[in-house]
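Trainee:
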Amino acid sequence: MDSLNLADYLYKKLRQKRGDLEVTLRTGNIGDFEEYRYVVGQIKGLTFMEEEIRAAMKNIEMTDD
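In my numbering, the protein residues as written are 61 to 125.
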């Protein structure tokens, strides 16, 4: 598996997990405020990692050209 395929795979997995957590927030399946804060923190972390992977993928594509 080359680096671009790996990055794409990880990016998709992170997006899927973030989407699942966002559904949890939207549907109100949060027990208390601590759980809410935890889920929001997870979403923020996943979003950050998605952005980093997306930037890395662009750099890989530019290097390959």
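Beta carbons are placed, not taken as given, at the ideal position from N, Cα and C, and that holds for glycine.
Grouping DSSP H, G and I as helix and E and B as strand, with all else coil, what is I113?
Mentor: The answer is helix: DSSP assigns I113 an H, G or I state.
Trainee: My understanding is that Y71 touches E110, with C-beta atoms under 8 Å, so please give their C-beta distance in whole angstroms.
Mentor: Their Cβ separation, rounded to whole angstroms, is 6 Å, which keeps Y71 and E110 in contact under 8 Å.
Trainee: With a Cβ-Cβ cutoff of 8 Å, do M117 and L64 count as a contact?
Mentor: Against a cut-off of 8 Å, the Cβ pair of L64 and M117 comes out as a contact.
Trainee: Suppose you measure from the CA of N89 to the CA of D80; what does that come to, to the nearest Å?
Mentor: Cα to Cα, the separation comes out at about 11 Å.
Trainee: In terms of residues, what are the limits of the alpha helix (DSSP H) holding G79?
Mentor: Here the alpha helix (DSSP H) through G79 covers 63 to 87.
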